[in-house]
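Protein chains in written order, with the working numbering: chain A, 951 to 1359; chain B, 951 to 1359. Ideal Cβ placement from N, Cα and C applies to all residues, glycine included. Presented below is the structure to which this report refers.
Protein chains: 2
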Amino acid sequence: MGGLENDATYNQNSVPSTNKTSLSPDSIINLDQGDPTLFEPYWRKMGDKCTLVIGGCDLMSYFSDIGNICWFLQPQLGDAIKGLHRAVGNAVTDGRHFVVGTGSTQLFMAAIYALSSPSASHPVSLVAAAPYYSGYKDQAEFLRSGLYKWEGDARTFDKDGPYIEVVTSPNNPDGAIREAVVNLGEGKLVYDLAYYWPQYTPITHPLDHDIMLFTFSKCTGHAGSRIGWALVKDRELARKMTEYMQISSIGVSKESQLRAAKILGVLSEGCQNLGTAASENFFEYSHRIMRERWESLQNVVKNSKIFSLPKFPQDFCNFTGKYTDSNPGDAPFAWLHSKEDIDWESLLREHKIIGRSGEKFGADQKYVRISMFSPPEAFTLFLERLSAIIDITNGNVAGGEESSVIKCS
Amino acid sequence: MGGLENDATYNQNSVPSTNKTSLSPDSIINLDQGDPTLFEPYWRKMGDKCTLVIGGCDLMSYFSDIGNICWFLQPQLGDAIKGLHRAVGNAVTDGRHFVVGTGSTQLFMAAIYALSSPSASHPVSLVAAAPYYSGYKDQAEFLRSGLYKWEGDARTFDKDGPYIEVVTSPNNPDGAIREAVVNLGEGKLVYDLAYYWPQYTPITHPLDHDIMLFTFSKCTGHAGSRIGWALVKDRELARKMTEYMQISSIGVSKESQLRAAKILGVLSEGCQNLGTAASENFFEYSHRIMRERWESLQNVVKNSKIFSLPKFPQDFCNFTGKYTDSNPGDAPFAWLHSKEDIDWESLLREHKIIGRSGEKFGADQKYVRISMFSPPEAFTLFLERLSAIIDITNGNVAGGEESSVIKCS
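Set out below in structure tokens:
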């Protein structure tokens, strides 16, 4: 799901580092949010190929496809989604119901609504294995719904009765490939597959779960369009998810749907030229960018005596037809860990870097999540500052002197 | 707010009467929803003036205006909204915070979230004077929120403590101009002004309430774009409404925002030529269409011995500079009443017309709401069938014979 996340305490002063921001040595670098504008140059290079023209009298009706369960889904978008999954090989679409949402954020809300039961005596438990995406908790709790209840870490969940487990794979924040962990009788699963695309992880096989969520934001970088989609096996669940969208927003922007259809179509076409002399495919391009960033980051972090990054297993990607190196990674976020008692978020803040503390993900302050999506200038400045932090912390650890580093409280 | 409404029991077989539907004498005419496609010809006539072109690399970021409380509001849309309210004179915008939503539907949810208190021991009561828009109840109840509780008709509300009253003006379903009715100390008001535009009602003065909701759908007929906006006096309320949008959908489609900005801009420009020999302004055009429909409807209903339509008071419209006739009306829905015990919805269904029963609006079965937005062919067929129903009911009433008409249960 989204990398901006649903930080209910979003701070107006915490200006995101965007491509439009000009940075100085004193600038605060905001790597809290995962705004994927780093892919913008690729789409610029595509020129008019992805340009959308909408006439003043187009798309006026609430309705898109009155014969479809999801009656507000533009058929072109449904076709483009199907074509893309077929080209990439990351999800089974045959016989699935497609539900479009205002980002996968709205679809997550729709899924937990659809999986809950209004006639139940207790709210259904909602869990995710820590470290989990920080937005789930906010989304589950902010309206104090009596339908579902956030119960935190799936690994320690042991209540009887129905539950919903969200499986985020690759995981946000740490990029790990995941399966369900609770595995009890009355469980329902929601797979959040926002990052199951070739630039972030090897595509090992087409996934085939009951409810799978994807988002345009993280697939191509078009976060501003707010388009997500769900592939749903069960007709009644798809109907209830559609109902959620109907009651909460009477459907989803048709302009965004048409634009997503166009861009996903161009993306699918590009997949046919993979590995040929033709122009670089978007997934090749974006994977290269992610890799280069991870290499630079690993080169900095390896000098630290106390900081580390997750290790990613080597795997064969069916899409690229290649084995991925196990190191460096290509995940959308860096999940930095300190083996010493350091409050990462505060330490970074001292050095004018905003990351998100592990505490928000059900982990602890010794972890911090850093977005790998920042504009190039911000990423470079981040690496410089991280190097300086590493020099300080290495010195402190070696000398055992009074540390200027903020310890965990 | 929206005319499709949030009918949680939306029936897939209940195909809406759209411009694309070809009707036969056996066709079911669906006048349940208020899909405003009847204004399409106007926008078609405008040619390229309202055409929007979006490049593949445009609008990629989550962010639109990082210095604004509503950080996902495209500045062009804020400017267009301000310009339009100034041109029409229906709402005060100076010093107001603008919050954009996925239709005014999402903004209504945001408003009741913002006006509730997570620390309160009881949910805040939510009321609206009957007959009220049928969607409010669904929106307030579907997630079983502990923050707010639907308490129905404002006229009979007498609980102590905080409450929220939604004032819909002109009212959906009956077109009445409204003020708050509860008027107790701890009340907060949300004004749903979806229909406070010159085609539906005289614009008597610029409204100046704490929270005012508008929607692109009903202003210009572009329902598919899902764009609504709120004008909010209090900064903290605007922040909380923005927070709602952030948690539930991380903002609002930027494509739709840009399109709304363009079309609202063209609309405002057109207002400068009002009443001149220049091309017909959209509000003149749409008002003329609504009037013509009401005249035809009144001409049919006046033959009935038992059916009636609401009376609209004469008023001076500052926008057109004219007094409106008190009869016929120009409201978006016809709120048909029967003085006999007739179950309107069932009666219409027998004659292949789908309306929405008064029961859904906190009234009774002797009322039914009919959308005045249907495509021309559907509206003509509706009038023919209504004439036939009136012939039958007149006969029955006159003769006192066994009625084929379905009585209220």
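Residue i at chain B interface by Cβ criterion, 7 Å
i, result
"A/Gly1345", "no"
"A/His1159", "no"
"A/Gln1149", "no"
"A/Gly1125", "no"
"A/Gln1089", "yes"
7 Å Cβ cutoff, residue i in contact with chain A
i, result
"B/Thr1001", "yes"
"B/Tyr1012", "yes"
"B/Arg1319", "no"
"B/Glu990", "yes"
"B/Ile1004", "yes"
"B/Cys1007", "yes"
"B/Ser1229", "no"
"B/Gly1350", "Reliability of the predicted coordinates at B/Gly1350 is poor, the pLDDT of 40 falling under 50, and no value is obtained from them."
"B/Trp993", "yes"
"B/Gly1111", "no"
"B/Leu981", "no"
For residue i, the three-state DSSP class (helix, strand or coil)
i, result
"A/Cys1169", "helix"
"B/Asn1133", "coil"
"A/Ile1016", "coil"
"A/Met996", "coil"
"A/Asn980", "strand"
"A/Tyr1063", "helix"
"A/Ser972", "coil"
"A/Arg1105", "helix"
"A/Ile1339", "helix"
"A/Lys1289", "coil"
"B/Val1250", "helix"
"B/Phe1022", "coil"
"A/Thr987", "helix"
"A/Trp1294", "helix"
"A/Ala1284", "strand"
"B/Met1191", "helix"
"A/Asn1344", "helix"
"A/Trp1147", "coil"
"A/Tyr1082", "coil"
"B/His1301", "coil"
"A/Leu1057", "helix"
"A/Thr1270", "coil"
Neighbour list for residue i in chain B, Cβ cutoff strictly below 9 Å
i, result
"A/Thr1052", "Thr1052, Gln1056, Arg1176, Ser1198, Ser1199, Ile1200, Gly1201, Val1202 and Ser1203"
"A/Gly1096", "Leu1093, Arg1094, Ser1095 and Gly1096"
Per-residue burial, residue i [other beta carbons within 10 Å of its own, 16 or more giving buried]
i, result
"A/Gly1225", "exposed"
"A/Pro1120", "buried"
"B/Glu1295", "buried"
"B/Ala1210", "buried"
"A/Gly1308", "buried"
"A/Tyr1063", "buried"
"B/Gly1345", "exposed"
"A/Arg1046", "buried"
"B/Pro1148", "buried"
"A/Gly1271", "exposed"
"B/Thr1343", "buried"
"A/Ala1104", "buried"
Contact list for residue i against chain E, beta-carbon separation under 8 Å
i, result
"B/Gly1171", "In the structure shown, chain E does not exist; the protein chains are A and B."
Neighbour list for residue i in chain A, Cβ cutoff strictly below 8 Å
i, result
"B/Tyr1063", "Phe1092 and Leu1093"
Residue i: contacting residues in chain A (beta-carbon distance under 7 Å)
i, result
"B/Thr987", "Met1010 and Ser1011"
"B/Ala996", "Looking at the sequence shown, residue 996 of chain B is not Ala but Met. Those are Gly1006, listed as they occur along chain A."
Where residue i meets chain B, residues with beta-carbon distance less than 7 Å
i, result
"A/Arg1209", "Ile1004 and Glu1205"
Under 9 Å from the C-beta of residue i: neighbouring residues of chain A
i, result
"B/Ile1213", "Gly1006"
Proximal chain B residues relative to residue i, where beta-carbon distance stays under 8 Å
i, result
"A/Met1059", "Ser1198"
Quiz item: Below 8 Å, can you find three or more Cβ-Cβ pairs linking the stretch 1281-1291 of chain A to the stretch 1307-1324 of chain A?
Solution: yes
Quiz item: Is the stretch 1080-1098 of chain B touching the stretch 1177-1187 of chain B, taking contact as three or more C-beta pairs under 8 Å?
Solution: no
Quiz item: Three or more C-beta pairs closer than 8 Å, one from the stretch 1198-1218 of chain B and one from the stretch 1205-1214 of chain A: is that the case here?
Solution: yes
Quiz item: Does the stretch 1333-1345 of chain B come close enough to the stretch 1252-1267 of chain B to have 3 or more Cβ pairs within less than 8 Å?
Solution: yes
Practice problem: Would you be able to state if there are at least three C-beta pairs under 8 Å between the stretch 1232-1247 of chain B and the stretch 1127-1143 of chain B? | Solution: no
Practice problem: Could you tell me whether the stretch 1021-1033 of chain A touches the stretch 1058-1073 of chain B, using the rule of 3 or more Cβ pairs below 8 Å? | Solution: no
Quiz item: Taking three-plus beta-carbon pairs below 8 Å as touching, is the stretch 1110-1124 of chain A in contact with the stretch 1065-1078 of chain A?
Solution: yes
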